[in-house]
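The block underneath contains the structure these notes are about, expressed in structure tokens.
Residue numbers (my numbering): 620 to 1099.
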């Protein structure tokens, strides 16, 4: 049943991707419009600058102007977005391809990234340890997630999620550091905030040994992650010089986009977690299962508790960075879009640290089943994507941003997150009449429930196995 469901999901997502990337009517939808169109235009500007011999300042704004005061003009400058998706867009433009081909290629990259993310434990194999042991739970976590509707879209969240999670898994699998460095480089280029996250996650999951009673971090794996992250910082700085004449992203760091009032920051943080129209728990209820598994792992010794604490600090720091941002949900977005790339990486780390025997399983299985059903809007929104744009733009006047309107914008933003009607999840359910969204919802639900059955067998209590990070008796004590 699971294999049939997954084959059906693959076909439906492919059909949706082909339709959205080839139908001109979809050009204004949330899957293609907005930031990605500006990125592709920026790739065109980059090619023009390189042909003209311009190696710096290709994305600079007129003196005294900052976004959003100066509107996006396609092809006029290299935009503010992270470097990763500029690579395929610039290659297409340099080869003579146009905007349409660039958008289609980015959409295909997103679709393939979702498949790679779903299959990550099977790709790495038993070397993935706890992630491979709980691979069916991992597949359920990704399938019943807001990443599903972004698969095949031109947004960058799915490729970023794959690269971040893959870095975590490869560090734990202890593969040659050169491969870890390459994947960490890609992860660091996917989001400007990613390099420190990659380093923190690598420290949390790197294998440890206890020779002579001391815990030691595996240097080669960590070296690969750190080297890749530092390389990403260097590439991003060079790219910033090319477009802004500065090693920093002057647009993202503009005061217009920063929130400093403690009440506003706290309001953003709470809304990112709990609000019905922008909260992570509302759109990704499977994260509750991860919290429970982390609590189970917490009891397994100081070494694991230290790593779980590092994961908590990493997630909390990332949440704070988003709360300091003017539009923490991602503006026109489904779910808290900007927070999505880190969740699979944190989930992979939790599963890597989880024991084989989870103890009482009934509550976990019921929670997973409930989360699968609650994830139905993730498939449904693929048939009602126009509702995403209405979240920030209608039915009331659109939220406006500016240095003089921070308080009003934050109030408007939070009002949409908590009280916008009809709610975004309800809009997702309204998409079931679409010829792809309805069958996709049925297939994801069937596949999710099948994964729960398989996971129940995986988590069945067996003979107690010692976790690699649990303390073992010293040689002296063993010989006594």
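A virtual CB, placed ideally from N, CA and C, is assigned to each residue, including glycine.
> Cβ atoms of residue 869 and residue 863: under 8 Å apart, would you say?
Replying inline: yes
>> Pairs of beta-carbons, one from the region 754-772 and one from the region 938-946, closer than 8 Å: are there three or more?
In response: no
>> Which residue wins for smallest C-alpha separation from residue 819, given the options 801, 879 and 790?
In response: 790
> Which residue spans inside the region 888-913 form an unbroken alpha helix (DSSP H) run of at least 4?
Replying inline: 899-902
> CB residue 779 to CB residue 1058, shorter than 8 Å?
Replying inline: no
>> Which residue wins for smallest C-alpha separation from residue 1055, given the options 625, 634, 622 and 626?
In response: 634
>> Could you give the first and the last residue of the continuous alpha helix (DSSP H) run that contains residue 839?
In response: 838-863
> Is there a Cβ from chain D that is less than 8 Å from the Cβ of residue 699?
Replying inline: Looking at the structure shown, chain D is missing, and only one protein chain is on hand.
>> By alpha-carbon positions, which one of 812, 889, 1036 and 731 ends up nearest to residue 637?
In response: 731
> Excluding the five sequence neighbours on either side, which residues of its own chain have a C-beta within less than 6 Å of the C-beta of residue 885, listed in chain order?
Replying inline: none
> For residue 1040, does the three-state DSSP call read helix, strand or coil?
Replying inline: coil
> In the DSSP assignment, what residue or residues form a beta bridge with residue 917?
Replying inline: Per DSSP, residue 917 has no beta bridge partner at all.
> Can you tell me where the alpha helix (DSSP H) with residue 809 in it begins and where it stops?
Replying inline: 796-809
>> What residue range does the alpha helix (DSSP H) around residue 956 cover?
In response: No alpha helix (DSSP H) holds residue 956; DSSP gives it neither H nor E.
>> Alpha carbons only, please: which of 999, 1070 and 800 is nearest the one belonging to residue 1053?
In response: Comparing Cα-Cα distances from residue 1053 to each of 999, 1070 and 800, the minimum goes to 999.
> Where do the ends of the alpha helix (DSSP H) carrying residue 729 lie?
Replying inline: 718-737 is the extent of the alpha helix (DSSP H) around residue 729.
> In chain order, what residues of the same chain have a beta carbon less than 6 Å from the beta carbon of residue 783, not counting five sequence neighbours either side?
Replying inline: 806, 960 and 964
> When the distance is taken between beta carbons, is residue 971 closer than 8 Å to residue 748?
Replying inline: yes
> Between residue 942 and the rest of its own chain, which residues show a CB-CB distance below 7 Å, the 5 nearest in sequence each way excluded?
Replying inline: Contacts found: 884, 887, 888 and 891.
> Considering only residues of the same chain and omitting the five flanking positions on each side of residue 803, which have a CB-CB separation below 6 Å?
Replying inline: 786, 817, 844, 847 and 848
>> Here's a check: name, in chain order, each residue in its chain whose Cβ is nearer than 6 Å to the Cβ of residue 1046, leaving out the five neighbours to either side.
In response: 1003 and 1006
> Anyone know if the C-beta pair for residue 1064 and residue 984 falls short of 8 Å?
Replying inline: no
>> Using a 10 Å radius around the Cβ and a threshold of 16 neighbouring Cβ atoms, would you call residue 746 buried or exposed?
In response: exposed
> Any idea if residue 834 is buried or exposed, counting beta-carbon neighbours within 10 angstroms, 16 or more meaning buried?
Replying inline: Bear in mind that a pLDDT of 49 at residue 834, under 50, signals an unreliable position, so the number given afterwards is only what the model happens to contain. Exposed.
>> By the three-class DSSP mapping on this structure, what secondary structure does residue 757 have?
In response: Helix at residue 757.
> Rounded to a whole number of angstroms, what is the C-alpha to C-alpha distance between residue 688 and residue 867?
Replying inline: Annotation note: pLDDT 46 at residue 688 (below 50); position unreliable, coordinate value reported separately. Each residue's Cα considered, the two are about 20 Å apart.
>> Suppose contacts are defined by Cβ-Cβ distances below 8 Å. Is residue 658 in contact with residue 705 by that definition?
In response: yes
>> Does residue 643 come out as helix, strand or coil in the three-state DSSP assignment?
In response: Unreliable positioning characterises residue 643 in this predicted model, as indicated by a pLDDT of 46, which lies under 50. The coordinate reading is nonetheless provided below. In the structure shown, residue 643 sits in a helix (DSSP, three-state: H, G or I).
>> According to DSSP, is residue 649 part of a helix, a strand, or is it coil?
In response: Because the pLDDT at residue 649 is just 44, under 50, the model does not fix this residue reliably, and the value given afterwards should be weighed accordingly. Residue state, collapsed to three classes: coil.
> Are the beta-carbon atoms of residue 707 and residue 858 separated by less than 8 Å?
Replying inline: no
>> For residue 723 and residue 851, I'd like the C-alpha separation in whole angstroms.
In response: One Cα belongs to residue 723, the other to residue 851, and the distance between them is close to 26 Å.
> Counting along the chain, where does the alpha helix (DSSP H) carrying residue 752 start and finish?
Replying inline: 749-752
> Looking at C-alpha atoms only, which residue of 729, 630, 629 and 740 is the closest neighbour of residue 966?
Replying inline: The shortest C-alpha separation from residue 966 is found at 740.
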